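What follows is a set of notes on a single structure, which appears directly below.
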Amino acid sequence: MIDHAARRSFLYAMVFALGFGVSGRVFAQTWTEWPVSEGGNGHLYRLTVDEGTWEFAEAQAPDGGHLATVNDAAENQWIFDTFAQPSNIWIGFYQDLEDPDYSEPSGAWKWSSEEAVTYTNWISGEPNDNGSEHWAQMKGSASTWDAQWNDVGNQSALRGVIEIPEPATLSLLLLGSIVALKRRR
Ligand SMILES: [Ca+2]
Ligand SMILES: [Ca+2]
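The sequence shown begins at 844 in the numbering used here and counts up one residue at a time.
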C-alpha cells in the first residue's frame, strides 16, 4: 500500500508534469507578447500556421484564446506592424447571423472573445456585404489600405492572429489539470 505522503508527492509530480507539458505546448508556438512596458496589454499573440477560413482560424486558438480582439487604435497598429507584413489576416470580428439585431451590412458585428465592441477600423465603404461577407480581415502592408478592415466571404483563405490573455490563461489550464487529477482519484 502506498502511504499518503508518497501518493501526494506523486500527485504533485503529475500536476507539474502536466502543467509544464501544457505550457510547453503553448509556448512552443512562438507567441509574441505586446508588453505592458510598451503601452501594451501583456497578452500573447501569434499567427495561425495554416491559411483557411475565419472559422478554421478561430478553431486554432487554445482554450481561453480567440482570434484577436482589437480594442483600440494602438492594438490595431501593433497587430498590423507585427503580423500583417505583408498579407491580409483574420481578426476576431464576425457577424452573428442569429442575433436579433443582425442586418446587412453593418448589424450584429461581434468579437469572438465576446468582449464589447469599442473600436472599428473599416475601410471607407466597408462593410459592404459584397456577396455574403460576414468575417473581417485586416489589410496587410501589401495593400493600399494598411491596417484597415474589410468584410469578406468564407471562401477566403488567410492566416489569422490569435490572442491569449496572460498569465491567467495558463493558470486556468494548470488549474484544469489539477481538478482533472483530483477527480480521477
Ligand atoms: Ca455581411
Ligand atoms: Ca467587403
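All C-beta atoms, glycine included, are put in the ideal place defined by N, C-alpha and C.
Computed from a predicted model, the values in this text were never measured in an experiment.
Chain D contact for residue i (CB, 7 Å cutoff)
{"i": "Asp-944", "result": "The structure shown contains no chain D; it is built from a single protein chain."}
For residue i, the three-state DSSP class (helix, strand or coil)
{"i": "Tyr-855", "result": "Unreliable placement is indicated for Tyr-855, whose pLDDT of 44 sits below 50; no coordinate value is reported for it."}
{"i": "Pro-928", "result": "This sequence places Gln at residue 928; Pro is not what is there. The answer is coil: DSSP assigns Gln-928 none of H, G, I, E or B."}
{"i": "Gln-920", "result": "helix"}
{"i": "Val-958", "result": "Looking at the sequence shown, residue 958 is not Val but Glu. Three-state result, Glu-958: coil."}
{"i": "Ala-876", "result": "For the sequence presented, residue 876 should be read as Glu rather than Ala. Strand."}
{"i": "Ser-967", "result": "coil"}
Segment limits, beta strand (DSSP E) that includes residue i
{"i": "Glu-1006", "result": "1002-1007"}
{"i": "Ile-934", "result": "932-938"}
{"i": "Asn-973", "result": "Here Asn-973 belongs to no beta strand (DSSP E), and DSSP marks it neither H nor E."}
{"i": "Trp-992", "result": "992-995"}
{"i": "Tyr-945", "result": "Here Tyr-945 belongs to no beta strand (DSSP E), and DSSP marks it neither H nor E."}
Between the CA atoms of residue j and residue i - distance to the nearest angstrom
{"i": "Ala-916", "j": "Phe-923", "result": "10 Å"}
{"i": "Met-857", "j": "Pro-905", "result": "Any reading at Met-857 needs caution, since the residue's pLDDT is 46, under 50, leaving its predicted position unreliable; the model's value is listed next. Computed Cα separation, rounded: 21 Å."}
{"i": "His-977", "j": "Val-995", "result": "6 Å"}
{"i": "Asp-989", "j": "Asn-884", "result": "22 Å"}
{"i": "Ser-975", "j": "Thr-875", "result": "33 Å"}
{"i": "Pro-1008", "j": "Gly-907", "result": "8 Å"}
{"i": "Trp-921", "j": "Glu-898", "result": "23 Å"}
{"i": "Ser-986", "j": "Asn-964", "result": "15 Å"}
{"i": "Pro-970", "j": "Ala-902", "result": "24 Å"}
{"i": "Leu-890", "j": "Gly-983", "result": "13 Å"}
{"i": "Trp-954", "j": "Gly-882", "result": "22 Å"}
{"i": "Ala-900", "j": "Pro-929", "result": "18 Å"}
{"i": "Glu-957", "j": "Asp-939", "result": "11 Å"}
{"i": "Val-788", "j": "Gly-1003", "result": "Here the chain comprises residues numbered 844 to 1028, so residue 788 is not present and cannot be evaluated."}
Range of the contiguous alpha helix (DSSP H) that encloses residue i
{"i": "Trp-897", "result": "897-901"}
Identity of the residues DSSP links to residue i by a beta bridge
{"i": "His-909", "result": "Glu-1006"}
{"i": "Gln-1035", "result": "Not covered by the structure: residue 1035. The range shown for the chain is 844 to 1028."}
{"i": "Trp-952", "result": "Gln-938"}
Beta carbon nearer than 7 Å to a non-hydrogen atom of ligand 3: This structure lacks ligand 3; its bound ligands are ligand 1 and ligand 2.
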